[in-house]
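Residue numbering for the sequence shown follows full-length UniProt numbering, beginning at 1 and increasing consecutively.
Where a beta carbon is used, it is the ideal one built from N, C-alpha and C, also for glycine.
These figures come from a predicted structure and were not determined experimentally.
Have a look at the structure below before the remarks.
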Amino acid sequence: MDGYLLISLSVLMFIGSFLVGLVPLTFNMSEGRTRLLSTFGAGLLVGTALSVVVPEGVESLYLAQTVLYLKSFLYFAEIQKDDEHGHLKVEVDVMAIKKSVGYSLVTGFIFMFIIDQISRFLQSKGYNYSIFIFLADGVALGSASTTNRTDVQFVVFFAVILHKAPAALGLVSFLLVEGVERFRIRRHLFAFSIAAPLTTFVTYYLIIIEHDALSSNSTTGILMLFSAGTFLYVATVHILPELVNNSGYHELLNNDVESTGRGRASLTFNEFVSVIIGSICPLLLISGHSHSH
Numbered sequence: 001m002d003g004y005l006l007i008s009l010s011v012l013m014f015i016g017s018f019l020v021g022l023v024p025l026t027f028n029m030s031e032g033r034t035r036l037l038s039t040f041g042a043g044l045l046v047g048t049a050l051s052v053v054v055p056e057g058v059e060s061l062y063l064a065q066t067v068l069y070l071k072s073f074l075y076f077a078e079i080q081k082d083d084e085h086g087h088l089k090v091e092v093d094v095m096a097i098k099k100s101v102g103y104s105l106v107t108g109f110i111f112m113f114i115i116d117q118i119s120r121f122l123q124s125k126g127y128n129y130s131i132f133i134f135l136a137d138g139v140a141l142g143s144a145s146t147t148n149r150t151d152v153q154f155v156v157f158f159a160v161i162l163h164k165a166p167a168a169l170g171l172v173s174f175l176l177v178e179g180v181e182r183f184r185i186r187r188h189l190f191a192f193s194i195a196a197p198l199t200t201f202v203t204y205y206l207i208i209i210e211h212d213a214l215s216s217n218s219t220t221g222i223l224m225l226f227s228a229g230t231f232l233y234v235a236t237v238h239i240l241p242e243l244v245n246n247s248g249y250h251e252l253l254n255n256d257v258e259s260t261g262r263g264r265a266s267l268t269f270n271e272f273v274s275v276i277i278g279s280i281c282p283l284l285l286i287s288g289h290s291h292s293h
């Protein structure tokens, strides 16, 4: 990925998140529109994880195994006529890929579960830690940036920004309810907005400094699958259940704030459709684009 494009996306991510977070400080945004944006973002996270991030992560792992196989083939030239040995090698590689896919997805999911539980504990003690839960977004964009596929990078970018936008609204709204001074709210919002861009740069440059193609592809694949696990947790465990059970959009970041309205038993029709559309969008955006590998 061109360095300028990565910088541009990171700056846009920061500016967009920060400006959206300023809305509650300036205007009164309707709860219905915020919930609609949140449901669309949740669907986009699921669609991006399943139709974009997971396939790209698996492909990166296959590329890594291909590089390993070619190196072994060139080093042991005599095995090229040994069909049985060659078949055994392929089987071992496939099993290694399967394990890597499963471990990475589960690790990402469990990581977000642990972070989420720490979050709820800290919030019950009067702290707000929401910056840390969005560091994983930077890992997703940073690892996607090493795939040399602009379409993948943009889909992941939009998924991240639509995830962060309602969360920024929720963070600022919660701090306003808590009576935090406005200058302190802006400081919290700045830290929240800068977290993912910084993690994006760190992830990207840690991967590209690995000059070995095997290590680089393997790291990219594992991190993308890890990110897919975090996306699935955030969408299916963090965002959607809270939207279903709570009527206050400030509870997107805090389960312990009491809702002033009655909880909904299910999503509205528009929210239901919004989740479906969000889930389908990444697949539509990514289809028809040829790989540039």
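Beta-carbon proximity check, residue i vs residue j, cutoff 8 angstroms
| i | j | result |
| --- | --- | --- |
| F109 | G229 | yes |
| residue 315 | D151 | Look at the range of the chain in this structure, 1 to 293, and you will see that residue 315 is not part of it. |
| I280 | G47 | yes |
| I194 | F14 | yes |
| L44 | L171 | no |
| I207 | S143 | yes |
| V155 | L285 | yes |
| V139 | T199 | yes |
| V244 | S266 | yes |
| A165 | G32 | no |
| L141 | F157 | yes |
| I97 | Q117 | no |
Run of the alpha helix (DSSP H) containing residue i, from where it starts to where it stops
| i | result |
| --- | --- |
| S279 | 269-286 |
| V244 | 240-245 |
| A136 | 135-144 |
| L22 | 3-26 |
| V46 | 31-48 |
Nearest-angstrom beta carbon gap, residue j and residue i [assumed within contact, 8 angstroms]
| i | j | result |
| --- | --- | --- |
| L169 | I185 | Wrong, their Cβ atoms sit about 12 angstroms apart, outside the cutoff. |
| G221 | G41 | 25 angstroms between Cβ atoms; not a contact. |
| P282 | S51 | 5 angstroms |
| F231 | T107 | That belief does not hold up - the Cβ atoms of F231 and T107 are roughly 13 angstroms apart, past 8 angstroms. |
| S173 | P24 | 5 angstroms |
Among the options, nearest to residue i - alpha-carbon criterion
| i | options | result |
| --- | --- | --- |
| N217 | R33, L36, S8, L61 | L61 |
| S38 | N270, V202, L22 | N270 |
| L9 | Y204, V23, L240, L22 | Y204 |
| H188 | Q65, V273, A64, F18 | F18 |
| A235 | V11, G21, F14, A49 | A49 |
| I7 | T219, Q153, N245 | Q153 |
| Y233 | I114, L36, V23 | I114 |
| L223 | G21, G102, L36 | G102 |
| V20 | A191, V237, A167 | A167 |
| V53 | F183, A191, T147, V202 | T147 |
| L22 | I209, M95, F190, S119 | F190 |
| S100 | F272, E59, S145, G179 | E59 |
Mind listing, in chain order, the continuous alpha helix (DSSP H) runs of no fewer than 4 residues lying wholly within the stretch 160-207? Complete alpha helix (DSSP H) runs here, min 4: none at all.
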